[in-house]
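Numbering (this note's numbering), first residue to last: 11 to 297.
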């Protein structure tokens with residue numbers, strides 16, 4: 011394995027098998043971003059979502075996927091032109107993985123691809139001393155999804171951020187208010203089976219509020235209009251947003267939300283206060 015990968019791995023202080031799995035996924039994500047940078051992907055697209063928050067702001071949870079948005083709508087965009095660049099970059103750092111475009115079963119504005127490889131072999135390429143490595147099934151797959159929104163809502167702001175591992179490169183990123191808007195849209199508008207909210211989304215929400223972040227309401231309004239979650243003619247003010255969040259928190263199954271996020275954080279005591287009362291309080295006091 012490339013020496014740069016070994017240096018990247020040191021910062022994680024891995025002990026358990028899950029520690030190694032999460033660390034390997036994140037290292038693969040960072041190398042994939044480098045491959046996209048070398049292929050000039052960020053001339054036309056920007057990085058956003060939970061992985062952007064984790065990699066560039068150091069939040070406390072790991073994230074599984076890489077989410078991007080074109081700067082301007084382009085329904086003919088094809089992600090396959092970047093798959094080889096990502097695969098070659100991963101190969102240069104010792105990861106033998108496939109990068110393949112996902113075939114659409116119906117027409118959507120999302121272009122997707124998957125980075126896939128054997129979990130066990132990727133970890134063994136880095137370390138053979140992990141006691142739990144024998145417990146990893148030989149067919150277990152490490153899988154990371156890349157998604158690109160080809161018809162993005164308007165109103166987002168962007169900034170260029172720099173990353174130093176495994177080598178210096180730059181990424182076009184949503185700015186903080188626009189990142190926050192995207193997360194608020196996820197909290198308010200996407201459901202995960204039986205109306206459940208994804209714990210990873212509300213975990214990130216707590217982080218934004220702890221940073222005194224303010225959302226890009228114009229971009230959030232455009233997102234909600236695009237998905238049909240904001241009535242036509244409704245102005246999205248801070249007061250309206252707080253009311254929508256209060257209503258949302260009233261219906262969340264916080265036990266299920268905690269279970270969703272626990273595998274992606276080191277200290278689950280962070281979740282002890284999670285309740286309807288906690289979230290309504292911090293939204294109304296801090297947002």
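Where is the CB? At the ideal position from N, CA and C, for every residue including glycine.
What you are looking at is a predicted structure, and each value in this text was computed from that prediction instead of being measured.
Counting along the chain, residue 166 sits inside no alpha helix (DSSP H), nor does DSSP assign it H or E at all. CA-to-CA, the gap between residue 187 and residue 148 works out to about 43 Å. DSSP, reduced to helix, strand and coil, places residue 158 within a strand of the structure shown. A check of alpha carbon separations from residue 253 across 297, 282, 169, 96 identifies 297 as the nearest.
Note on the stretch 170-212: whole alpha helix (DSSP H) runs with a minimum of 4 residues are 186-199, in chain order. Minimum Cα-Cα distance from residue 90 among the listed residues 67, 31, 216, 156 corresponds to 156. An exposed status is given to residue 68, since fewer than 16 other beta-carbon atoms sit within 10 Å of its beta-carbon.
Here residue 100 carries a helix assignment [DSSP, helix/strand/coil].
Minimum Cα-Cα distance from residue 93 among the listed residues 104, 238, 108, 291 corresponds to 108.
With a beta-carbon spacing of about 7 Å, residue 255 and residue 198 fall inside the 8 Å limit used to define contacts.
Here the alpha carbons of residue 218 and residue 272 stand approximately 19 Å from one another. Listed in chain order, the non-local C-beta contacts of residue 76 below 8 Å within the same chain comprise 39, 42, 43, 57, 59, 61, 154, 155, 156, 157, local neighbours out to five positions each way being set aside. Under DSSP, residue 80 shares a beta bridge with 55. Going by DSSP, residue 125 is part of the beta strand (DSSP E) stretching over 120-128.
Annotation for residue 38: no beta strand (DSSP E) segment contains it, though the alpha helix (DSSP H) segment containing it runs 27-48. The residue among 270, 277, 165 with its C-alpha nearest the C-alpha of residue 201 is 270.
Straight-line measurement puts the Cα of residue 102 at about 29 Å from the Cα of residue 114. Comparing alpha-carbon positions, the option among 17, 22, 193, 220 lying closest to residue 208 turns out to be 193. The Cβ-Cβ distance between residue 184 and residue 166 falls below 7 Å. Between the alpha carbons of residue 286 and residue 70 lies a gap of roughly 22 Å. Under the three-state reduction of DSSP output, residue 109 falls in the strand class.
Between residue 211 and residue 175, the alpha-carbon positions lie close to 26 Å from each other. Taking a 10 Å sphere around the C-beta of residue 31, we find 16 or more other C-beta atoms and assign the residue as buried. In the structure shown, the three-state DSSP call for residue 153 is strand. Selection 63, 121, 225 evaluated against residue 112 yields 121 as nearest (Cα-Cα).
Residue environment analysis places residue 222 among the exposed positions, since fewer than 16 neighbouring C-beta atoms fall within 10 angstroms of its C-beta.
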